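Protein chains in written order, with this note's numbering: chain A, 1 to 337; chain B, 338 to 674; chain C, 675 to 1084; chain D, 1085 to 1494. Backbone N, C-alpha and C fix where the C-beta goes; we use that ideal spot for every residue, glycine too. Just so we're clear, the structure is a prediction, and the values are computed from it rather than from any experiment. Have a look at the structure below, then the notes.
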Amino acid sequence: MSHMTMIEAIRSAHDCSMERDDRVVVFGQDVGYFGGVFRCTSGLQEKYGKTRCFDSPISELGIVGTAIGMAAYGLRPCVEVQFADYVYPAFDQIVSEAARLRHRSAGDFTCPLVIRMPVGGGIFGGQTHSQSPEAIFTHVSGLKTVMPSNPYDAKGLLAAAIEDPDPVIFLEPKRLYNGPFDGHHDAPIASWRNHDAGKVPEDYYALPLGKAEVRRDGTQVTILAYGTMVYVAEAAASETGIDAEIVDLRTLLPLDLETIVSSVQKTGRCVIVHEATLTSGFGAELAALIQQHCFYHLEVPIQRVTGWDTPYPHAQEWDYFPGPARVGRALQTALEN
Amino acid sequence: MSHMTMIEAIRSAHDCSMERDDRVVVFGQDVGYFGGVFRCTSGLQEKYGKTRCFDSPISELGIVGTAIGMAAYGLRPCVEVQFADYVYPAFDQIVSEAARLRHRSAGDFTCPLVIRMPVGGGIFGGQTHSQSPEAIFTHVSGLKTVMPSNPYDAKGLLAAAIEDPDPVIFLEPKRLYNGPFDGHHDAPIASWRNHDAGKVPEDYYALPLGKAEVRRDGTQVTILAYGTMVYVAEAAASETGIDAEIVDLRTLLPLDLETIVSSVQKTGRCVIVHEATLTSGFGAELAALIQQHCFYHLEVPIQRVTGWDTPYPHAQEWDYFPGPARVGRALQTALEN
Amino acid sequence: MPKKSGLSLHVPSPGVRPGDAPDFSEVEIPKAGEAGRPEVDVEPEAMRDLAFSVIRVLSKDGDAVGPWASSLGDDELIDGLRNMMTVRSFDNRMVLAQRQGKTSFYMKSAGEEAVACAFQQALRKGDMNFPTYRQVGLLISQQYPLIKLMNQIYSNEQDPIHGRQMPIMYSAKDYGFFSISGNLTTQFSQAVGWAMASAISNDKKIAVGWVGDGATAENDFHAAMVFASTYRAPVVLNIVNNQWAISTFQGIAKGGAATFASRGHGFGIPSLRVDGNDFLAVHSVATWACERARRNLGPTLIEYVTYRAGGHSTSDDPGAYRPKEEGDAWPLGDPILRLKTHLIKQGVWSEQRHLEAEQEIEAQVVNAQKASEEIGTLISGSPPSARDMFEGVFEEMPAHLIRQRQEAGY
Amino acid sequence: MPKKSGLSLHVPSPGVRPGDAPDFSEVEIPKAGEAGRPEVDVEPEAMRDLAFSVIRVLSKDGDAVGPWASSLGDDELIDGLRNMMTVRSFDNRMVLAQRQGKTSFYMKSAGEEAVACAFQQALRKGDMNFPTYRQVGLLISQQYPLIKLMNQIYSNEQDPIHGRQMPIMYSAKDYGFFSISGNLTTQFSQAVGWAMASAISNDKKIAVGWVGDGATAENDFHAAMVFASTYRAPVVLNIVNNQWAISTFQGIAKGGAATFASRGHGFGIPSLRVDGNDFLAVHSVATWACERARRNLGPTLIEYVTYRAGGHSTSDDPGAYRPKEEGDAWPLGDPILRLKTHLIKQGVWSEQRHLEAEQEIEAQVVNAQKASEEIGTLISGSPPSARDMFEGVFEEMPAHLIRQRQEAGY
Ligand SMILES: Cc1ncc(C[n+]2csc(CCOP(=O)(O)OP(=O)(O)O)c2C)c(N)n1
Ligand SMILES: Cc1ncc(C[n+]2csc(CCOP(=O)(O)OP(=O)(O)O)c2C)c(N)n1
Ligand SMILES: [Mg+2]
Ligand SMILES: [Mg+2]
């Protein structure tokens, strides 16, 4: 059991899956010889050859469109979109094709496909290297949407996504690639080396999609988070000294409603945190579900702490990023009444 | 003051706007000589010439991409996407360009652009002629999203959208083109001829974006709806005899939160109805906002009556379509506790 | 002409509109047999001219002439003729059924039956078509049961896709027929991906992509060309240029290009243009392109010059945007008539046999229709269950869909 | 070679990788002056060869030869030289500033300065460029204040776009420079639309679209070609082929095509290929294409053959995927050196004057940098206000954004 960064864990998931199943093929922009701009596929071309891991032209549409054809043939493509901000050129193939193929053909054709992409800000990437478009994927029937928050989960969930018989959108919080980040951008950078979730088996393993994980037990208020926001939530909880229960959703669709509901029914208070813009973000769906399933347990309104309804700015990045201070204030508000 | 169908009203809005402002240009697939597959632009090419109303190649991306360039030049393009189900090839230009141009250039360039598209089912169009993708547009900062429910609003709101300095997504419920439709698909087809909202001035007028309209005053429960669902809601209310207040949102973004909140604070109960799939639909945002702003007024959980989380089916269209029966049941449930 | 001095926008339009006399004088039709037939491993550059010509085999008086003269035997040609006749008879019955309200919608292949029927005869079991809605000939040429097509069109209880999609959105994997999408051109890059997968797997199967003239403007056309060119995918990319895209004439999609076929040159893809109403020419060119793919020589682009003789769909009235008589004026004639004439000239067919064949086929179609309608139509019999609507969104139904299904009462 | 008998996938790769000796033997470089110069109203077909050749004006020993020999006067050429030198000096200072942490990111034009600088000299006030991130030469050639560029790069208080975008995402409408997008190729179809708008308005302005070799694979490339071709838009479409797209060599985007320029032929768009490191050739071809557009003759596609001498960006290490010495081996040399040699040969420039110019320019850049850094950098001075982040999402701030701004404490 060695420590891995999230990058190494993702690379290892590819490696184990390609080792086990030669139907698994990996491609995307710069993923072949170079191993990806974030190095998540480094060494795979050398090990598995140019026809199982290769560079693609700069066409997200072509990447996803050809991958759907490969999946229909019987391969298990796992493709990379360099940044989630660049997935939109492929949106039609994802929404109209990958998501609907099994249903519209009554299972005659299926689409076991993984589309990986880095999400989130905190690297001064501005509006075109920082977006978190998870909500729009969860609105599309036929897609599964996953966002791990640590190396251990990343490897296990990616392996499961590759084995899944249906298309999976696999979102990687780029700010977590090299260490847990809690929003304190001035603090020294933390590393996965000294974090439990940085311990990752070399060998293959898979974690079930659709299961949330309680990261911190608490009684006063429930925080629903995923990706980078899990650590922001932890920071906010410990810094306010509020006994918050933190649920890391891990998979947004299918959603682990049970875990969410039982936590909110216990605490009676809920704060939802995500980095994406507020309006029609995934927090809206969570709030709608919770008020439906926990209505008579809720002591106070559910709050959403999210990115603002603006493009992700460059210089004002830390004013946009929902950090521990904002989450902390929300926790306090949650306890006021 | 003559009666118009929604098609005639939309055509008239184009006509008045092109008459008043020769920066207004109209194009899209089959919109030129033929006047559009739904005839919403018929006669415009003849009246204003081939360079102000013309057919485009079958490229939604090209339509929107070139329209953005035209808007940046100083024209006021109003383009048609033949069905909302076909907007995805243009999604990148809409999300990454039209929506962000003003912000990213600090007003150096702007994008006064209207993208019209028919939405909704009820015409046996199956999964590729029935979708209602409004929610994903409302998640994109920088876009306004409008959906009229009758000819009078359609004309006034389209005129306003064309004059708006920012990009507007204009969604036309195709099942309302020729008459108000309340979901009773076996009943004889109603016409706008004998409906008040079918009375439409020939002359130019504009209605402000961002204002909802109370279609029916009521005290027991608030129904939030837009487009076709307004009539479904009316049918459900009268058939259940429940004294429901029906708010027609008309504009989803910017949202008329005041009207919504004051209605729900009055009734203490709320049912949201839309045709789009449930998960992460716009109903989620509405529910999240209402539980936040009306928490202490709510007597019962907010309910969402929506399309199911499946592709829009062909043969089972009426099992998918959220009709008066389902809305009626929700109203009864809302009054139970 | 600009109003003021200055630039002006050019908006192409067809020479003629309703009321005008049809005019195809701009459509250049070389004599049959003129175009050369290169080796399949020739450099694209060396066969450039074939993207600008029209490869034709059947002469005016019905002889098969020139280097592309088909290798098909008489029986295969007779099969081809019967297949085309079946498509036409089937189409007509289904349009009627739609008019009678038995289904919601239909699209015919009228006038372009040869393209799909002749191409299919060049394919092998295991190859995969990625068709549009105008290639039912691919299935009918394989004796796919007409009743199954009708069950789909009627969305009845035995619809292979459970009433989930509009009429004619067939899916038939065992017949090498990919699930049709209502979204134009998406299948084009998928075909390339399927072909790449076959090559990655060192398989022998090839893929065939289909697209209409109008739909070549879509994004996926470019993606397909780029990926096919870069990875030399074993795929045949077919453009069916039937002159119209709903109300829009081909000039809007083609722009200033000489031909659609010539789009292949910028990708180093061998490109050919063929008389789409000439069964022998289509089959011969298809065979050439498929051999290229099978020999791992890479993609081929083919433009079929034909004419959409009917409306775009049952929702369309072509009389609103093109002269009624245009179809009759189409210089490449009718594919069924031309093959019939050839076979009669060959002495292997006759008016008499043609008439009999027509009656047989008509009977076949009618019987299939009766049987299918006994199962049900959109307005009769028991439709596919609403419960089914929730199935197959995912292989395994997740909790939220089960909840919704129960809420729906199933 | 397939492992088993059967098909196999072809995956192009550059001949050489780190450790190998650079090899450009496949890059054919015709002699300067060889390519012919057609009239601007010639049929695309008649100038087909120009998409496969490389138009060059500057001979080995620095003479301007052949029909494309530039019409530029000595002073204009000296301006061009100084512009290129300014771009290079500016680039180097900014890379340094990034290394010092004064900004987050930077991208150089090193090696391809001639393309933007020479092209801009063919444009008129009012024309609009739709650039990528590697055409800062368009602005510098118009004496756009260096300090404003730096203010944007530093996201300081006087950043014209208020710190909202990453460094180098300039916007300068008054200088005919469209807001740069981080999303590749979107500007290409926008350029066509802007040009269409100019034509619709019977205006005289033309548009210029810019794209890199790698980004030609994107959807918007196709959309731009289709619309430009169909409506004969007054636009010049520029492909800057600098051989690399981050770590991906141009063969992945080009596939089996002979050249990127040849992509224009399938759309009937006149297409030319030019030595991108030859200032005179670039300017001459640009002038030719702009005249076509101004005379309402429609679009032109131009491929500039050049080399990305630096890394893709400050985040990139090209040593990981290409030989370190590749840049020096690039057969078309350095654009600044080549123009300098020509001017000296012409007797209007000298080593001495060059040295002085270098020092002047260096001083200019350093002074601008000092002044800009006094205003602030990403890590010094007062940044653009967070309040501003909420401005300009819409012309008028809607209620929900006001609420959010207040929640944010502004
Ligand atoms: C992405 C998308 N845009 C628009 C449409 C609407 N549409 C359906 S068929 C059609 C015309 C296609 O013409 P063509 O490609 O020539 O094929 P043909 O109908 O002539 O066989 C259009 C515009 C669609 N189905 N998908
Ligand atoms: C839609 C999209 N996909 C991917 C990227 C990431 N990306 C930025 S630059 C680049 C390479 C572009 O190469 P090229 O077009 O040759 O331009 P060059 O950098 O060589 O000037 C890539 C892949 C992006 N910015 N946008
Ligand atoms: Mg067509
Ligand atoms: Mg490049």
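At which residue ranges does the region 398 to 462 of chain B contain complete beta strand (DSSP E) runs of 3 or more residues, listed in the order of the chain?
-> 413 to 417 and 451 to 456
So what does DSSP say about arginine 1487(D), is it helix, strand or coil?
-> Locating residue 1487(D) in the fourth sequence gives position 403, where the first residue counts as 1. Arginine 1487(D): helix per DSSP, three-state reduction.
Whether alanine 1373(D) touches tyrosine 410(B) by CB criterion (8 Å) = Position 289 of the fourth sequence, counted from the start, is the residue given in the question as residue 1373(D). Position 73 of the second sequence, counted from the start, is the residue given in the question as residue 410(B). No. Outside cutoff.
Consider the Cβ of threonine 104(A): report whether some Cβ of chain C lies at a distance smaller than 8 Å.
-> Sequence index remark: in the first sequence, residue 104(A) carries index 104 (1-based). The amino acid at residue 104(A) is misidentified as threonine; the sequence shows arginine. Yes - at least one Cβ of chain C is within 8 Å of the one on arginine 104(A).
Check whether the Cβ of aspartate 656(B) lies closer than 8 Å to any Cβ atom in chain A.
-> Taking the second sequence and counting its residues from 1, the one referred to as residue 656(B) is at position 319. It does not; no Cβ of chain A falls within 8 Å.
Determine the extent of the alpha helix (DSSP H) in which alanine 1337(D) is found, giving its start and end residues.
-> As a working note, residue 1337(D) is residue 253 in the fourth sequence. Its alpha helix (DSSP H) spans residues 1335 to 1338.
Closer than 7 Å: is that where the CB of glutamate 509(B) sits relative to any heavy atom of ligand 1?
-> One-based indexing of the second sequence puts residue 509(B) at position 172. False, no ligand heavy atom lies under 7 Å from that Cβ.
Under a three-way DSSP split, which group does phenylalanine 1388(D) fall into?
-> In the fourth sequence, counting from the first residue as 1, residue 1388(D) sits at position 304. The question names phenylalanine, yet the displayed sequence has tyrosine at residue 1388(D). Tyrosine 1388(D) falls in the strand class under three-state DSSP.
Which class does phenylalanine 852(C) belong to by DSSP, given the choice of helix, strand or coil?
-> By one-based count along the third sequence, residue 852(C) stands at place 178. Coil.
With DSSP run on the structure shown, which of helix, strand or coil describes proline 502(B)?
-> Position 165 of the second sequence, counting from 1, holds the residue named residue 502(B). The answer is coil: DSSP assigns proline 502(B) none of H, G, I, E or B.
So with Cβ pairs under 8 Å, would you call proline 973(C) a contact of chain A?
-> Locating residue 973(C) in the third sequence gives position 299, counting from the first residue. For proline 973(C), the answer is no, since every Cβ of chain A falls outside 8 Å of its Cβ.
What does arginine 304(A) touch in chain B if you count any residue whose Cβ is under 7 Å from its own?
-> By one-based count along the first sequence, residue 304(A) stands at place 304. By Cβ distance, chain B contributes Ala625.
Alanine 404(B): contacting residues in chain D (beta-carbon distance under 8 Å) | Here residue 404(B) is taken as the residue at index 67 of the second sequence, counted from 1. Correct list: Gly1277.
Start-to-end residues for the alpha helix (DSSP H) that takes in glutamine 303(A) = Within the first sequence, the letter at position 303 stands for residue 303(A). It is not in any alpha helix (DSSP H) - glutamine 303(A) instead sits in the beta strand (DSSP E) that spans 303 to 307.
Cα-Cα separation, isoleucine 976(C) to threonine 614(B) = Reading the third sequence from its first residue, position 302 is the one you call residue 976(C). Reading the second sequence from its first residue, position 277 is the one you call residue 614(B). Between isoleucine 976(C) and threonine 614(B), the C-alpha separation is close to 40 Å.
From what residue to what residue does the beta strand (DSSP E) around glycine 886(C) run?
-> As a working mapping, residue 886(C) is identified with position 212 in the third sequence. It spans 881 to 886 - the beta strand (DSSP E) in which glycine 886(C) sits, taken as one unbroken run.
Supposed close pair glycine 883(C), phenylalanine 862(C) - CB separation, criterion 8 Å | Position 209 of the third sequence, counting from 1, holds the residue named residue 883(C). Position 188 of the third sequence, counting from 1, holds the residue named residue 862(C). Sure, about 5 Å apart at Cβ, within 8 Å.
Would you report the Cα separation of methionine 840(C) and glycine 811(C), rounded to the nearest angstrom?
-> Position 166 of the third sequence, counted from the first residue, corresponds to residue 840(C). Position 137 of the third sequence, counted from the first residue, corresponds to residue 811(C). Going by the C-alpha atoms only, they are around 18 Å apart.
Tell me which same chain residues have a C-beta within less than 8 Å of the C-beta of methionine 1085(D), skipping the five on either side of it?
-> Taking the fourth sequence and counting its residues from 1, one reaches residue 1085(D) at position 1. Below a pLDDT of 50, predicted positions are generally treated as unreliable, and methionine 1085(D), at 42, falls in that range; the measurement from the model is reported next regardless. Ser1092.
Proximity test, asparagine 912(C) beta-carbon vs ligand 3 heavy atom, cut-off 7 Å = Here the question's residue 912(C) lines up with position 238 in the third sequence. No, the Cβ of asparagine 912(C) stays beyond 7 Å of every heavy atom of ligand 3.
Using a Cβ-Cβ distance under 8 Å, would proline 1096(D) count as near chain C?
-> Numbered from 1 along the fourth sequence, position 12 holds the residue referred to as residue 1096(D). Judged by the 8 Å Cβ criterion, proline 1096(D) is in contact with chain C.
Report the three-state DSSP secondary structure of isoleucine 752(C) (helix, strand or coil).
-> Along the third sequence, read from residue 1 onward, the residue named residue 752(C) stands at position 78. Residue state, collapsed to three classes: helix.
Would you report the Cα separation of glutamate 702(C) and serine 1368(D), rounded to the nearest angstrom?
-> By 1-based counting over the third sequence, the position of residue 702(C) is 28. By 1-based counting over the fourth sequence, the position of residue 1368(D) is 284. The alpha-carbon atoms of glutamate 702(C) and serine 1368(D) are separated by roughly 37 Å.
Is it true that the CB of methionine 1234(D) sits closer than 8 Å to the CB of alanine 1452(D)?
-> For the purposes of this step, residue 1452(D) is taken as the residue at position 368 of the fourth sequence. For the purposes of this step, residue 1234(D) is taken as the residue at position 150 of the fourth sequence. Closer than 8 Å, so yes.
Near ligand 1: tryptophan 918(C) beta-carbon under 7 Å from a heavy atom | Within the third sequence, residue 918(C) is the residue found at index 244, counting from 1. Yes; taking the cut-off as 7 Å, the Cβ of tryptophan 918(C) has a heavy atom of ligand 1 nearer than that.
Kindly examine ligand 1 and report whether one of its heavy atoms sits closer than 7 Å to the Cβ of histidine 195(A).
-> Looking up residue 195(A) in the first sequence gives position 195. Answer for histidine 195(A): no, Cβ out of range of ligand 1.
Cβ-based neighbour list, tryptophan 655(B), same chain, cut-off 7 Å, excluding 5 preceding and 5 following | For this step, residue 655(B) is matched to residue 318 along the second sequence. Once the five neighbours on either side are set aside, the close Cβ partners of tryptophan 655(B) are His522.
Would you mind sorting glutamate 434(B) into buried or exposed? The rule is 16 or more other CB atoms within 10 Å of its CB.
-> By one-based count along the second sequence, residue 434(B) stands at place 97. Glutamate 434(B) should be labelled buried.
Taking DSSP as the reference, what is the three-state secondary structure of methionine 1085(D)?
-> Working through the fourth sequence from its first residue, we reach residue 1085(D) at position 1. The pLDDT assigned to methionine 1085(D) is 42, lower than 50, so where the model puts this residue is not dependable; a value taken from the coordinates is nonetheless given after this. The answer is coil: DSSP assigns methionine 1085(D) none of H, G, I, E or B.
Any beta-carbon of chain C closer than 8 Å to the one on threonine 388(B)?
-> Indexing the second sequence from 1 puts residue 388(B) at position 51. Interface residue, yes.
For leucine 668(B), count neighbouring Cβ atoms within 10 angstroms of its own Cβ and tell me buried if that reaches 16, exposed if not.
-> In the second sequence, the residue the question calls residue 668(B) occupies position 331. It is buried - the Cβ of leucine 668(B) has at least 16 other Cβ atoms within 10 Å.
Give a yes or no on whether the minimum CB-CB distance between asparagine 1267(D) and chain A is below 8 Å.
-> Position 183 of the fourth sequence, counted from the first residue, corresponds to residue 1267(D). Yes, its Cβ sits closer than 8 Å to a Cβ of chain A.
Which whole-angstrom value is the C-beta distance of methionine 338(B) and leucine 513(B), which I expect to be below 8 Å?
-> Here residue 338(B) refers to the residue found at position 1 when the second sequence is read from its first residue. Here residue 513(B) refers to the residue found at position 176 when the second sequence is read from its first residue. Actually they are not in contact, since the Cβ atoms of methionine 338(B) and leucine 513(B) sit about 20 Å apart, beyond 8 Å.
Determine the DSSP secondary structure at proline 324(A), reduced to helix, strand or coil.
-> As a first step, residue 324(A) must be located in the first sequence, where it is residue number 324. Helix, per DSSP.
With a threshold of 16 other CB atoms inside 10 Å of the CB of lysine 998(C), please say whether the residue is buried or exposed.
-> The residue you call residue 998(C) lines up with position 324 of the third sequence. Result: exposed.
Is the Cβ-Cβ distance between glutamine 127(A) and proline 322(A) less than 8 Å?
-> Along the first sequence, read from residue 1 onward, the residue named residue 127(A) stands at position 127. Along the first sequence, read from residue 1 onward, the residue named residue 322(A) stands at position 322. Contact flag unset, no.
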